[in-house]
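Asks:
2 protein chains.
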Amino acid sequence: MTANENPVTSFVDLLIVGAGPAGLVLALWASKFGMKTRIIDEKDSRVATGRADGLHSRTLEILHNFGAAQDIISRAYHINEICSWNPDPGNEYHIRRTQRTVAQPCHLSRFTQSGLNQGATEEILENKIRSEGRISVERNTIPTALRFDDKEASHHDKDVYPIFVTLRRIDPDETSVTCDGEVVGNEHSTTKNGANISTGATKDNQEIVRAKYLVGCDGAHSWIRHQVGIHMEGEKTDTHFGVMDVVPLTDFPDIRISCVIHSKHGSVMTVPRENRLVRLYVQLGETLRGNDLAGSKDVTPERILGYAKKMFQPYHIDFKICDWHSVYTVGQRLAPTFDFKNRIFLAGDSVHTHSPTLGQGMNVSMQDAYNLGWKLGMVITGVAQPSILRTYTQERWNVAKALIELDKRMTKFYSMGPSKESQDYQPFRDQFSQFISGVAITYTPSELIDIASQQDLADNIKLGQRLPSYKVVCNAEGNLVHLSDMLPNNGTWRILVFAGDLESPSQFEKVQQLGVNLESLLGRYKTADRAVFEVFLIHAGTREFNILRLHPVYHPWNDALGWDYWKVFSNDVEDFEPCQSPYDEYGVSKKHGCVVTLRPDQHVSYIGPMDSFGDLERFFCRILV
Amino acid sequence: MTANENPVTSFVDLLIVGAGPAGLVLALWASKFGMKTRIIDEKDSRVATGRADGLHSRTLEILHNFGAAQDIISRAYHINEICSWNPDPGNEYHIRRTQRTVAQPCHLSRFTQSGLNQGATEEILENKIRSEGRISVERNTIPTALRFDDKEASHHDKDVYPIFVTLRRIDPDETSVTCDGEVVGNEHSTTKNGANISTGATKDNQEIVRAKYLVGCDGAHSWIRHQVGIHMEGEKTDTHFGVMDVVPLTDFPDIRISCVIHSKHGSVMTVPRENRLVRLYVQLGETLRGNDLAGSKDVTPERILGYAKKMFQPYHIDFKICDWHSVYTVGQRLAPTFDFKNRIFLAGDSVHTHSPTLGQGMNVSMQDAYNLGWKLGMVITGVAQPSILRTYTQERWNVAKALIELDKRMTKFYSMGPSKESQDYQPFRDQFSQFISGVAITYTPSELIDIASQQDLADNIKLGQRLPSYKVVCNAEGNLVHLSDMLPNNGTWRILVFAGDLESPSQFEKVQQLGVNLESLLGRYKTADRAVFEVFLIHAGTREFNILRLHPVYHPWNDALGWDYWKVFSNDVEDFEPCQSPYDEYGVSKKHGCVVTLRPDQHVSYIGPMDSFGDLERFFCRILV
Ligand SMILES: Cc1cc2nc3c(=O)[nH]c(=O)nc-3n(C[C@H](O)[C@H](O)[C@H](O)COP(=O)(O)OP(=O)(O)OC[C@H]3O[C@@H](n4cnc5c(N)ncnc54)[C@H](O)[C@@H]3O)c2cc1C
Ligand SMILES: Cc1cc2nc3c(=O)[nH]c(=O)nc-3n(C[C@H](O)[C@H](O)[C@H](O)COP(=O)(O)OP(=O)(O)OC[C@H]3O[C@@H](n4cnc5c(N)ncnc54)[C@H](O)[C@@H]3O)c2cc1C
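One line per chain: the protein sequences are R and U, in this order.
Counting from 1, one number per residue, gives the positions in the first sequence under this note's numbering.
Counting from 626, one number per residue, gives the positions in the second sequence under this note's numbering.
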């Protein structure tokens, strides 16, 4: 193309700007839904080391359902315990262990918090996307202009492309690695793209992409956010922490345990990691006060070590290998909305930043994208009403808000020196652990969470929360399986029929009648190329029950493949393992059962009795096309 | 190279002929030891479907220690239960379930028997080898001449290459897939290499490889075995089974359970598998009797189905998809020795064949290679005396012999019709399950299994058997880990110090003294590039114990990496899980402990008290250089 020609124009369902954790999770969904998608990133290559250092339970559950958790789990360090250390009353310049704390009550999730560097996590996600063969990250590419055509958007046609983005391939040497987030380190960016590049770009190496939907996953300095005029609210503080990943040489006995250390000289937080690394967060507060971040380049690993040495007394600590280091300034900022006209969305650091104290940055960013991805998928494939996209800001803004409140409390705890809480850490931690793990996130009623649900039918299946996974018995195979292993991220809604006691003729009759109704519902919303629903049945009896007695909707037939034997489960786990039965875990009546529906992200959207099919039908009527 | 030149000559430590399951496992070891190795196979590509259909516990343990089990486990079907079906007394031409049988007592291994086709298993092994970057399979290559130079071999020098093998690259079209084993199917070979090719080969595409050691893993018609004049002993019978992998269309309720069906019309054995497949072994006995295998080409899947249909009555069975089928004739054959002058070895089907009734063919073949590989590795790297190679035939011949005895009993059971055993299958099965799982294989005393061991110090650590794996607590990390996860196949011997009660000063003193002795032992046998030993310590107390109090041999120091925190374990598992403690599982005294050594294949070679270092030293003196 010469400079005189018009740039090439292409059309996509979805354009994703930024291939960090948020962008990659969104691309995973896009790949599952087969949406025509492009994902660009200004950087030459992935983050190699450093940055976020851990994955919480809910994130691992999500990645497991994408088939990507195993690699992470086998490479990561698993955090079971946190030890708190405080000044020794005998010599207050020495520390001593005051408490061992369970990091996370084990009933919360089958996965524990895991320490692994962000680069490794991104690598695993990107490999997964590549292995599916539909989407690949286009690097060295930036958006230089964005135009939104209101008139086009107002057409009630699913094939409109109201978003015009000009893309430019950049020379890898043109920009250095951008330093975004609340954290700045020894990786300062020299040029920053944005409005300047937008006006200054030549026509060379340019193309125009017209998109139905655009998502900015472009980090804390989001160019997309600027373009649509959304501004972050909140402040930075003058509290600074030095962060480094080192292989420690030390006689500190808890160096391979995550520690919360409050010393007379300031506080340190340690997080053991893969490959003998330990992440240290070292309080630099007083030194840099009033200094903003200008001095952060002078904060070498050796200088951070100098502070740490004092705090670890009477133990010695040193290192020869430092994998990464940085300085962060505590601050909390939040955008007032995460979308622009339900066509352009923002996820991750582009709309919320906070300190790494709770280890949430990467996790919450991925969870944003996870919430958004399937909604876009259902709308773009023509299955759901575009109105469901409204729930994205609604659901995720509340999470970001709550996170920022917690982050303020936690950073105060770290910067204020030894306290009652640092001495008796367990009860303090317990207030946070559900939120930190991510499993307690509850979305409030909306078109996607049916307010008419009957929570009392399933005490431990919380409306709006993700379904916890317990082991069930595959009726036909006689194998113990985690229910969530049956719920991969394939974009379908799940109708879980807790069938109760099938030995009771009246109950059996109800379940069969529900089968007839479900078959008609499934028929109504069937698309040519993908399922909208999957039905699973879990009965309260033993697996002596012959599943072929059930209505075929519960074990669908295929002319070449025969019956589907992987949809009916029994409660009879005691036969296999000394564990609670799923009916007991979920708090469902073994006699009457109930019906539960799950969104494609496993959040519970409806709970009702066996014979209220009408409610279920009305619920889906409102959201499906 | 023109036909007139002499062929190129290259030198290798190890030449492996045949890249089936046995050859691939041997190549894995060779890769770990960094031996200069070539592996050739006449075939163009791997087995795609069919053949062996399952992996038993011990094989999975072995592959786990090579880091290759996870992929298999996630793709495979897991066999927990076996149902037996027999004629219904009400209508003897109908079958009915008579018993549900646990496939394998769960204390035997952490891994259960898994159904996956041989091609997938070979693929996973070959990928693993490739990923290590040292060895790759050379396909379309056969040996055409073999010469052994006795005089060269007699030099007491480790750098002699007494084996001369001429290799030839063949045109992929030249030979079709060879059909070996006791099983012949619809894949008859047309040309068979061997003596003919050996004389008929031209000099084109030829080269000479001089090897220190040669292993024939070239299957039931082993060319290597013929060359060294070892002949199989034993007979084929006239009992035939039709074997097929189909996706069944059926109302038989146990189709996703492994079944042993004895009907009036003959017997069927079913093994559910990956991807909705089920393997059926259908008795063809009477039909083909006296017919040898000539008629086996006529045995189409449809014909096998015809017999099966009768046997499954009153249930219906059919299929549209057949992945693979074959016919096998029961027979058992064994070579009188597995080596030639301790320089040329044979493994797998090349020295023993039998029926697939026990699903052992592939498993025992891999286990042969597993036994041989580390011995060759230690000898070739100059660490161990060549005399240890003698133990290969000794140890593995006994296993093959026992297998053949069991196979005879099992094939009789399948071919003789309904019986007391088929009605009450559990006690019959129980006699076999330890052997089938592979975990009970016990090697008898030799230079590698110290007869002077004190078995009473560790009731459940059986001299000569592989160490069972239980969970222990990593003292420094406070994580529950399976002991075997700490014992990857890296070629080292392991000295496990069950340290007992370290709170007792006299016991602590003994453990420290042992530490001093171990350090000197390790120093004596140190090589420049690889460890010969690893030391692990498991104490009977809680992890409040500070491991840095121990002699450094128990937590070795490295100037850049610091202390090694992954060698000391505590017994304190109750803190984490309701399970037995390792001291209880292993039957070791919590007070006095004991010392156990493991060979690189995890077989227990020595058990002694804390203060008998002299015995341990003498043991290693005999085998190490
Ligand atoms: C130095 C540093 C240290 C951190 N330490 C921690 C920690 O210890 N713990 C923790 O939990 N979190 C930490 N974080 C936060 C964590 O890394 C982020 O929360 C997380 O990466 C957010 O993911 P994201 O996908 O929203 O954004 P990012 O990971 O920032 O990804 C944004 C992507 O968009 C690309 N991009 C940006 N602008 C453009 C553009 N105009 N065009 C094209 N591409 C663009 C970027 O190259 C980048 O790949 C740290 C962050 C930084 C920067
Ligand atoms: C048709 C069939 C069905 C079977 N079904 C079952 C079953 O249901 N269950 C079960 O447990 N077992 C079964 N087996 C047995 C199982 O497949 C074998 O026991 C197992 O493959 C043995 O492994 P191996 O490595 O010793 O030999 P093989 O797997 O036979 O590997 C030998 C390799 O050597 C190569 N080779 C042979 N000659 C030469 C040469 N001259 N030069 C170079 N390369 C050569 C071959 O190409 C092959 O790759 C079956 C075998 C066959 C043939």
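All C-beta atoms, glycine included, are put in the ideal place defined by N, C-alpha and C.
Nothing here was measured: the structure is a model prediction, and the numbers come from that model.
1. Any beta carbon of chain R sitting closer than 8 Å to that of Gln695(U)?
2. By the 10 Å Cβ neighbour count, where 16 or more other Cβ atoms means buried, how is Glu233(R) classified, buried or exposed?
3. Who pairs with Ile946(U) in a beta bridge, going by DSSP?
4. Report buried or exposed for Met416(R), applying the criterion of at least 16 other Cβ atoms within 10 angstroms of its Cβ.
5. So that I know if they touch, is there some Cβ in chain U lying closer than 8 Å to that of Arg256(R)?
6. Is the closest heavy atom of ligand 1 to the C-beta of Pro505(R) under 7 Å?
7. Confirm the yes/no value for this check: CB of Cys947(U), any heavy atom of ligand 2, distance under 7 Å.
8. Can you find a C-beta in chain R that's less than 8 Å from the C-beta of His703(U)?
9. Does any residue of chain U bring its CB to less than 8 Å from the CB of Thr250(R)?
10. Following a CB-centred definition, is Lys626(R) positioned closer than 7 Å to any heavy atom of ligand 1?
11. According to DSSP, simplified to helix, strand and coil, what is Lys1033(U)?
12. Of all the CB atoms in chain R, is at least one closer than 8 Å to the CB of Pro730(U)?
13. Within the continuous alpha helix (DSSP H) that includes Thr597(R), where are the two ends?
14. Quick check: what's the CA-CA separation for Pro87(R) versus Gly331(R)?
15. Please check if any C-beta of chain R sits within less than 8 Å of the C-beta of Pro878(U).
16. Ordered along the chain, which non-local residues of its own chain (more than five positions away) have a Cβ less than 7 Å from that of Trp1182(U)?
17. For a minimum of 4 consecutive residues, which ranges assigned as the alpha helix (DSSP H) are wholly contained in the region 201-246 of chain R?
18. Relative to the C-alpha of Tyr315(R), which residue among Arg333(R), Thr250(R), Ile257(R) is closest?
19. List the residues of chain U whose Cβ lies closer than 7 Å to the Cβ of Asn479(R), in chain order.
20. If we ignore side chains and look at the alpha-carbon of each, how far apart do Met486(R) and Phe432(R) end up?
21. Ser589(R) and Gly500(R) - do their beta-carbons sit closer together than 8 Å?
22. Counting only beta-carbon separations shorter than 8 Å, does Tyr586(R) have a partner in chain U?
23. Taking 7 Å as the cut-off, is the beta-carbon of Lys1089(U) closer than that to any non-hydrogen atom of ligand 2?
24. Could you list which residues in chain U have their beta carbon closer than 7 Å to that of His546(R), in chain order?
25. Does the separation of the CB atoms of Leu1146(U) and Glu1242(U) fall below 8 Å?
26. Apart from the five residues just before and just after Gly825(U), which ones in its own chain have a Cβ nearer than 6 Å to its Cβ?
27. Kindly examine ligand 1 and report whether one of its heavy atoms sits closer than 7 Å to the Cβ of Gly478(R).
28. Within 7 Å: the Cβ of Leu463(R) and any heavy atom of ligand 4?
29. Beta carbon of His539(R), beta carbon of Ser504(R): below 8 Å?
30. For Thr141(R), does the count of other Cβ atoms within 10 angstroms reach 16, so buried, or fall short, so exposed?
31. Can you look up Val625(R) in the DSSP assignment and give me helix, strand or coil?
32. Under 7 Å Cβ to Cβ from Pro421(R), same chain only, skipping five residues before and after it: list those, please.
33. Which of helix, strand or coil does DSSP assign to Thr684(U)?
34. Specify, as a first and last residue, the run of the beta strand (DSSP E) that Phe970(U) falls within.
35. Closer than 8 Å is the cut-off here; do at least three beta carbon pairs connect the region 320-337 of chain R with the region 349-360 of chain R?
36. Under a CB-based cut-off of 8 Å, is Lys581(U) close to chain R?
Replies: If we stick to the structure as given:
1. Here residue 695(U) corresponds to residue number 70 of the second sequence, with the count starting at 1. Output row for Gln695(U): interface = yes.
2. Taking the first residue of the first sequence as position 1, residue 233(R) is located at position 233. Exposed: under 16 other Cβ atoms inside 10 Å.
3. Taking the first residue of the second sequence as position 1, residue 946(U) is located at position 321. Answer by DSSP bridge pairing, in chain order: Val872(U).
4. Start at 1 with the first residue of the first sequence, and residue 416(R) comes out as number 416. Result: exposed.
5. Sequence index remark: in the first sequence, residue 256(R) carries index 256 (1-based). Cβ-Cβ to chain U under 8 Å: yes for Arg256(R).
6. Position 505 of the first sequence, counting from 1, holds the residue named residue 505(R). No - ligand 1 has no heavy atom lying nearer than 7 Å to the Cβ of Pro505(R).
7. Counting from one through the second sequence, the residue named residue 947(U) turns up at place 322. No - ligand 2 has no heavy atom lying nearer than 7 Å to the Cβ of Cys947(U).
8. As a position in the second sequence, residue 703(U) is number 78, starting the count at 1. Yes, His703(U) lies at the interface with chain R (some Cβ there is under 8 Å from its Cβ).
9. Indexing the first sequence from 1 puts residue 250(R) at position 250. Yes - at least one Cβ of chain U is within 8 Å of the one on Thr250(R).
10. Outside the displayed range of chain R (1 to 625) lies residue 626(R), so it cannot be described from this structure.
11. Translated into positions along the second sequence, residue 1033(U) becomes position 408. Residue state, collapsed to three classes: helix.
12. If you number the second sequence from 1, residue 730(U) lands on position 105. For Pro730(U), the answer is no, since every Cβ of chain R falls outside 8 Å of its Cβ.
13. Here residue 597(R) corresponds to residue number 597 of the first sequence, with the count starting at 1. Looking at the DSSP string, Thr597(R) is not in any alpha helix (DSSP H); the run it does join, the beta strand (DSSP E), is 594-598.
14. Mapped onto the first sequence, residue 87(R) falls at position 87. Mapped onto the first sequence, residue 331(R) falls at position 331. Straight-line Cα distance between these residues: approximately 28 Å.
15. Indexing the second sequence from 1 puts residue 878(U) at position 253. Answer yes: the Cβ-Cβ gap between Pro878(U) and chain R drops below 8 Å somewhere.
16. Residue numbering aside, residue 1182(U) sits at position 557 when the second sequence is read from its first letter. Cβ within range, chain order: Trp1188.
17. Positions of the alpha helix (DSSP H) runs, each at least 4 residues long and wholly inside the region 201-246 of chain R, are given as 223-227 in order along the chain.
18. Here residue 315(R) corresponds to residue number 315 of the first sequence, with the count starting at 1. The residue with the shortest Cα to Cα distance from Tyr315(R) is Thr250(R).
19. On the first sequence, position 479 is the one that residue 479(R) refers to. Within chain U, the residues whose beta carbon sits less than 7 Å from that of Asn479(R) are His703, Asn705, listed in sequence order.
20. Along the first sequence, one-based indexing puts residue 486(R) at 486. Along the first sequence, one-based indexing puts residue 432(R) at 432. The alpha-carbon atoms of Met486(R) and Phe432(R) are separated by roughly 30 Å.
21. One-based indexing of the first sequence puts residue 500(R) at position 500. One-based indexing of the first sequence puts residue 589(R) at position 589. Result yes, Cβ atoms of Gly500(R) and Ser589(R) sit closer than 8 Å.
22. Taking the first sequence and counting its residues from 1, one reaches residue 586(R) at position 586. Answer no: the Cβ-Cβ gap between Tyr586(R) and chain U never drops below 8 Å.
23. Sequence index remark: in the second sequence, residue 1089(U) carries index 464 (1-based). Contrary to the premise, residue 1089(U) reads as Gly rather than Lys in this sequence. No, the beta carbon of Gly1089(U) sits no closer than 7 Å to any heavy atom of ligand 2.
24. Position 546 of the first sequence, counted from the first residue, corresponds to residue 546(R). Rather than His, the amino acid found at residue 546(R) in this sequence is Asn. Within 7 Å Cβ-Cβ: Pro878.
25. Reading the second sequence from its first residue, position 521 is the one you call residue 1146(U). Reading the second sequence from its first residue, position 617 is the one you call residue 1242(U). A contact, by the Cβ cut-off of 8 Å.
26. Taking the first residue of the second sequence as position 1, residue 825(U) is located at position 200. In this prediction, Gly825(U) has a pLDDT of 32, which is less than 50 and means its spatial position is unreliable; nothing more can be read from the coordinates.
27. The count along the first sequence starts at 1 and reaches residue 478(R) at position 478. The answer is no for Gly478(R).
28. Absence of ligand 4 from the depicted structure is noted, with ligand 1 and ligand 2 being the only ligands included.
29. Indexing the first sequence from 1 puts residue 539(R) at position 539. Indexing the first sequence from 1 puts residue 504(R) at position 504. No. Outside cutoff.
30. Position 141 of the first sequence, counted from the start, is the residue given in the question as residue 141(R). Thr141(R) comes out buried.
31. What you label residue 625(R) is simply residue 625 of the first sequence in a count that begins at 1. Coil at Val625(R), not helix or strand.
32. Along the first sequence, read from residue 1 onward, the residue named residue 421(R) stands at position 421. As written in the sequence, residue 421(R) is Glu, which differs from the Pro given in the question. Within its own chain, the residues whose Cβ lies closer than 7 Å to the Cβ of Glu421(R), once the five positions on either side in sequence are excluded, are Phe413, Phe428, listed in chain order.
33. Position 59 of the second sequence, counting from 1, holds the residue named residue 684(U). In the structure shown, Thr684(U) sits in a helix (DSSP, three-state: H, G or I).
34. As a first step, residue 970(U) is located in the second sequence; it is residue number 345 there, counting from the start. Residues 969-971.
35. Because the criterion of three Cβ pairs below 8 Å is met, the region 320-337 of chain R and the region 349-360 of chain R touch.
36. Past the boundaries of the shown model lies residue 581(U); chain U is included only from 626 to 1250, so the question cannot be answered.
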